[in-house]
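Reviewing the structure listed below.
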């Protein structure tokens with residue numbers, strides 16, 4: 001057999017022959033033991049009915065479309081093994097995450113590469129002696145799409161070699177095994193199967209949010225429990241508000257608090273507003289003092305007012321500060337730089353006196369006073385202003401950010417254009 | 001007090017949609033014809049079936065919405081995960097066939113109801129098909145769902161036309177609670193037809209998917225259940241009024257067979273222009289409504305079960321199979337109505353045969369899934385529920401196989 005590939009559908013039902021070429025049974029399933037090797041098939045399950053046998057990968061002389069030849073016959077009965085990822089039972093027809101394509105897919109078939117294993121003496125080609133066929137299977141890809149569907153529907157109906165000929169006309173659609181993330185809701189089994197969600201942490205939070213929305217609640221919660229809180233927070237703020245609430249309610253309060261702490265205070269407040277009071281109280285109690293008080297303050301405001309929309313993450317300086325002071329302040333708040341448009345000037349009472357567009361800092365001398373760089377007209381809104389009026393103001397003055405002040409004109413928060421966009425989108 | 005009621009109503013409205021829409025679409029062109037025929041031929045006699053039908057409908061629908069809320073997955077997803085690709089493929093293939101003929105029947109409903117308003121089918125069907133296609137492809141599901149909910153209001157037209165006909169209410173009330181079983185072939189056929197049109201396979205897939213799409217969780221499920229039950233009751237109330245108006249208008253003047261729903265509408269003419277217009281408008285609304293939902297639901301179900309990209313929020317090239325399936329169902333479903341001499345009646349009989357095969361499979365899968373602890377956790381069927389559900393399913397299987405048998409004979 002020239003091609004080094006073998007499909008799981010072809011493997012299923014393949015006859016297993018002992019050293020003297022007598023048939024023992026047929027392949028019923030194959031399993032990885034991810035703690036030993038992430039891609040090599042470690043066990044083949046053979047037999048029928050209740051009495052299944054287990055063949056270890058190093059007991060095999062050769063694997064081809066004609067069958068599996070053993071090099072050694074001390075087979076053990078199969079008993080359920082928690083450390084096994086069984087392809088047929090646990091992978092086929094289930095959902096996995098395609099990390100590269102950033103979506104949830106359903107596994108139709110699995111492609112193996114047949115390679116020779118020359119590890120520990122009793123493997124290798126020497127024993128079988130009859131064929132040149134390799135003796136080990138490594139998972140290469142997970143197949144989705146029409147080609148694999150055709151293969152599975154026809155398997156056992158017409159000979160495997162015909163199917164191979166037939167499927168050549170259909171373009172393949174597969175995901176490399178490295179980019180597959182298995183979804184397992186049970187945390188203990190996740191450990192035993194060596195499943196981590198680290199790969200998911202590299203996906204953009206917005207894409208990750210789409211993935212979460214496609215999964216069932218149990219799987220979704222499992223991933224939230226195990227990924228990094230910062231990633232979880234970013235993804236959570238992109239998720240549909242109803243789902244946000246159900247996710248947080250399902251998590252342990254400590255973990256939920258870790259995630260909420262990482263969110264921007266205004267988003268955190270929005271999420272907590274969607275929860276039942278007892279749950280949000282529990283989560284707030286678990287939070288660190290500083291973010292907790294910020295979020296609590298925001299929770300006081302009505303949702304459809306400027307106070308309910310605003311964010312408390314902004315940089316403000318005294319009105320007497322210079323460009324140099326501003327740069328120093330920026331260096332101290334690196335986490336905010338990504339979306340920062342303006343700095344705010346306040347007097348000694350905390351009252352808002354000016355807005356400085358950040359870009360102006362770059363063309364000004366270090367010693368210059370910020371007051372001289374401030375925008376010509378000071379536009380702000382008060383905390384109890386209605387959402388519609390705030391939106392209108394953004395439109396009228398083409399704003400990217402709008403400072404929000406309380407009754408005594410003290411700066412209390414900022415509304416940014418992205419808040420406005422999500423308000424408008426959810427209308 | 002007021003406040004707690006207000007939050008309760010708000011919570012109910014938040015889950016309103018899936019069950020209510022599914023149940024109403026159930027009264028599509030085919031359903032209206034079946035009920036009209038029952039009333040025109042048998043008068044008030046068939047009314048007693050509505051209570052058991054409602055109970056069966058509630059039992060079946062409740063399982064679906066519960067599965068959707070707990071697992072967060074569609075019915076075709078669960079069938080695929082538990083029973084494998086081959087079975088899923090067979091179920092999906094049968095579903096496409098059954099639903100395609102349903103779409104045809106509903107485009108025929110659009111054509112014939114608008115012909116009552118003197119609109120040629122060569123105008124109404126292409127325009128209707130284009131409108132339905134655009135609604136989903138260019139719109140989004142949330143806004144479409146609002147339109148669908150609004151369309152549910154128009155079923156009131158049947159209630160009003162039922163009242164306008166001035167049927168014999170005493171007799172209607174008595175027969176609603178008094179079962180009459182006759183060993184008459186036509187009568188039994190009619191009963192089976194009524195049950196068969198009320199509980200259909202596509203509804204289970206649509207309802208569960210809609211519950212998932214709406215993001216209803218196990219916690220909110222209590223409200224969702226109320227919504228499902230409410231929807232089922234409304235459906236059968238509408239069915240009641242259709243039967244009653246045909247009984248009062250047609251049967252009372254001499255029992256006879258009618259051959260399509262527009263004939264029933266014409267039978268209402270002696271009771272005034274309004275009864276007639278409302279009945280026809282109701283038929284139009286129901287046909288358009290079902291012609292919207294069926295292709296969409298089919299495309300979703302098939303793509304999810306077989307693992308193709310799906311969703312109206314995706315672009316055409318991202319989910320080609322989804323969009324092609326959706327488009328073809330509408331195009332074929334509409335086109336055959338315009339073909340002179342197309343054997344539509346035979347097609348519908350044929351679809352009832354496939355339905356008789358498909359429904360038992362789907363119902364049995366549903367009970368097995370609803371009892372699967374790995375999927376349903378603490379929300380599996382209770383023992384009593386299982387008992388009731390199995391009885392319903394066995395009766396349903398018997399009836400739908402009988403209907404299939406009858407349809408095979410008349411093919």
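Chains as they are written, first to last, in this note's numbering: chain C, 1 to 427; chain P, 1 to 411.
We put the beta carbon where it would ideally sit given N, CA and C, even for glycine.
Rounded Cβ spacing between residue i and residue j (contact assumed at less than 8 Å)
{"i": "residue 283 of chain C", "j": "residue 256 of chain C", "result": "5 Å"}
{"i": "residue 311 of chain C", "j": "residue 235 of chain C", "result": "Not really, about 18 Å apart at Cβ, beyond 8 Å."}
{"i": "residue 323 of chain C", "j": "residue 361 of chain C", "result": "6 Å"}
{"i": "residue 92 of chain C", "j": "residue 34 of chain C", "result": "Not quite, the Cβ-Cβ distance comes to about 17 Å (not below 8 Å), so this is no contact."}
{"i": "residue 103 of chain P", "j": "residue 247 of chain P", "result": "That belief does not hold up - the Cβ atoms of residue 103 of chain P and residue 247 of chain P are roughly 30 Å apart, past 8 Å."}
{"i": "residue 383 of chain C", "j": "residue 412 of chain C", "result": "6 Å"}
{"i": "residue 326 of chain P", "j": "residue 369 of chain P", "result": "Going by Cβ atoms, the distance from residue 326 of chain P to residue 369 of chain P rounds to 26 Å, so no, they are not a contact pair."}
Proximity below 9 Å, CB of residue i to CB of residue j
{"i": "residue 49 of chain P", "j": "residue 203 of chain P", "result": "no"}
{"i": "residue 260 of chain P", "j": "residue 198 of chain P", "result": "no"}
{"i": "residue 185 of chain C", "j": "residue 218 of chain C", "result": "yes"}
{"i": "residue 36 of chain P", "j": "residue 264 of chain P", "result": "yes"}
{"i": "residue 144 of chain C", "j": "residue 97 of chain C", "result": "no"}
{"i": "residue 294 of chain P", "j": "residue 106 of chain P", "result": "yes"}
{"i": "residue 142 of chain C", "j": "residue 110 of chain C", "result": "yes"}
{"i": "residue 109 of chain P", "j": "residue 162 of chain P", "result": "no"}
{"i": "residue 85 of chain P", "j": "residue 149 of chain C", "result": "yes"}
{"i": "residue 307 of chain P", "j": "residue 106 of chain C", "result": "yes"}
{"i": "residue 341 of chain P", "j": "residue 89 of chain P", "result": "no"}
{"i": "residue 114 of chain C", "j": "residue 6 of chain C", "result": "yes"}
Cross-strand partners of residue i (DSSP beta bridge)
{"i": "residue 17 of chain C", "result": "C:23 and C:69"}
{"i": "residue 158 of chain C", "result": "C:155"}
{"i": "residue 44 of chain C", "result": "C:30 and C:55"}
{"i": "residue 311 of chain C", "result": "C:414"}
{"i": "residue 141 of chain C", "result": "C:111 and C:176"}
{"i": "residue 295 of chain P", "result": "Answer by DSSP bridge pairing: none, since residue 295 of chain P is not bridged."}
{"i": "residue 354 of chain C", "result": "C:345"}
{"i": "residue 318 of chain C", "result": "C:346"}
{"i": "residue 106 of chain C", "result": "C:95"}
{"i": "residue 181 of chain C", "result": "C:97"}
{"i": "residue 255 of chain C", "result": "Note: residue 255 of chain C sits in no beta bridge, so no partner."}
Cβ of residue i within 9 Å of any chain C Cβ
{"i": "residue 138 of chain P", "result": "no"}
{"i": "residue 85 of chain P", "result": "yes"}
{"i": "residue 73 of chain P", "result": "yes"}
{"i": "residue 70 of chain P", "result": "yes"}
{"i": "residue 289 of chain P", "result": "no"}
{"i": "residue 66 of chain P", "result": "no"}
{"i": "residue 12 of chain P", "result": "no"}
{"i": "residue 89 of chain P", "result": "yes"}
Cβ-heavy atom distance, residue i to the ligand NAD, below 8 Å
{"i": "residue 219 of chain P", "result": "The ligand NAD is not part of this structure, which contains no ligands at all."}
Residue-level contact to chain P via CB, residue i, 9 Å cutoff
{"i": "residue 119 of chain C", "result": "In this prediction, residue 119 of chain C has a pLDDT of 48, which is less than 50 and means its spatial position is unreliable; nothing more can be read from the coordinates."}
{"i": "residue 216 of chain C", "result": "yes"}
{"i": "residue 377 of chain C", "result": "no"}
{"i": "residue 125 of chain C", "result": "For residue 125 of chain C, the predicted model reports a pLDDT of 44, less than 50, meaning its position is unreliable; a value from the coordinates is still stated below. Residue 125 of chain C does not count as touching chain P."}
{"i": "residue 421 of chain C", "result": "no"}
{"i": "residue 13 of chain C", "result": "no"}
{"i": "residue 284 of chain C", "result": "no"}
{"i": "residue 122 of chain C", "result": "Because the pLDDT of residue 122 of chain C is 41, which lies under 50, any placement of that residue in the model is unreliable, and the question is left without a value."}
{"i": "residue 231 of chain C", "result": "no"}
{"i": "residue 22 of chain C", "result": "no"}
{"i": "residue 153 of chain C", "result": "yes"}
{"i": "residue 129 of chain C", "result": "Because residue 129 of chain C carries a pLDDT of 44, less than 50, the predicted location of this residue cannot be relied on, and the following value inherits that uncertainty. Not closer than 9 Å to any Cβ of chain P, the Cβ of residue 129 of chain C fails to qualify, so no."}
{"i": "residue 331 of chain C", "result": "no"}
{"i": "residue 220 of chain C", "result": "yes"}
{"i": "residue 2 of chain C", "result": "Note that residue 2 of chain C has pLDDT 45, beneath the 50 cutoff, so the model's placement of it is unreliable and no number is given."}
Please list the residues of the segment 206-234 of chain P that have a C-beta atom closer than 8 Å to any C-beta atom in chain C, keeping them in chain order. Those would be 215, 217, 218 and 219, in chain order.
If contact means a Cβ-Cβ distance below 8 Å, which residues of the segment 237-249 of chain C contact chain P? Those residues of the segment 237-249 of chain C that come within reach of chain P (Cβ to Cβ, closer than 8 Å) are 240, 242, 243, 246 and 249.
Interfacial residues, the segment 306-331 of chain P to chain C, with Cβ spacing under 7 Å: Per Cβ criterion, the list reads 306 and 307.
Selection of the segment 166-184 of chain C by Cβ proximity to chain P, strictly under 8 Å: Within the segment 166-184 of chain C, no residue has a Cβ that lies closer than 8 Å to any Cβ of chain P.
Taking a cut of 7 Å between CB atoms, which residues from the segment 133-151 of chain C lie near chain P? 144 and 149: these are the residues of the segment 133-151 of chain C whose beta carbon lies less than 7 Å from some beta carbon of chain P, given in chain order.
If the cut-off is 7 Å on Cβ atoms, which residues from the segment 87-115 of chain C count as contacting chain P, listed in chain order? Within the segment 87-115 of chain C, the qualifying residues are 93, 94, 105, 106 and 108.
Contact residues within the segment 373-401 of chain C, judged by C-beta distance below 8 Å to chain P: Hits within the stretch: zero.
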